[in-house]
Each structure stands twice: as C-alpha cells, then as structure tokens.
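Only one structure is covered here, and it is reproduced in the block below.
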Amino acid sequence: MTYITIDLSDSQFQKLQNLARVHGIATEVLLKASLEDWLNLQKGDFVNAADYVLEKNAELYRRLA
C-alpha cells in the first residue's frame, strides 16, 4: 500500500471532519471513497470521449483501412 501526505488548511480539515461525522464514517474512509469516485469519473469521461471520436470518424477509419 502506498501512503500520501497532503496539506490542508484548518478550514478544509474542519469541513472534511464535519462531513465525515455527518455520514458516520472516518475521515480517511471519506477521502478514499471520494478519490475513488473522482478517479472513476475521469476514466468514464475519457471512455465517453474516445467512443464519441471513434463513432464520429468510423466511416473515415473504414475507408482508410
């Protein structure tokens, strides 16, 4: 497992703690879940963009093949 350290302002850390408390989970769990969601969203955006380009240019690719 890899570890990372980040700098947060006191205000950011307090907001993070409050949000975790509201959801009844540890701050670390909230951060890991949020990061996982963000990474998956980025992957989904790339896949959607790639699919769009491939579909848009399908005829061109067929002619060039």
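Numbering of the sequence shown is given in this note's numbering, commencing with residue 10 and proceeding in unit increments. Ideal Cβ placement from N, Cα and C applies to all residues, glycine included.
Reduced DSSP category for residue i - H, G, I as helix; E, B as strand; rest coil
i	result
ASN66	coil
ALA42	helix
ALA35	coil
GLY74	According to the sequence provided, residue 74 is Ala. The question's Gly does not apply to it. Three-state DSSP puts ALA74 in coil, outside helix and strand.
TYR12	coil
Nearest-angstrom Cα separation, counted from residue j out to residue i
i	j	result
LEU40	LYS52	18 angstroms
LEU48	PHE55	11 angstroms
GLU68	ASN57	19 angstroms
LYS24	THR14	18 angstroms
ARG71	LEU50	30 angstroms
Limits of the alpha helix (DSSP H) - the one that residue i falls within
i	result
ALA29	19-32
C-beta contact flag for residue i and residue j at 8 angstroms
i	j	result
ALA29	ALA35	yes
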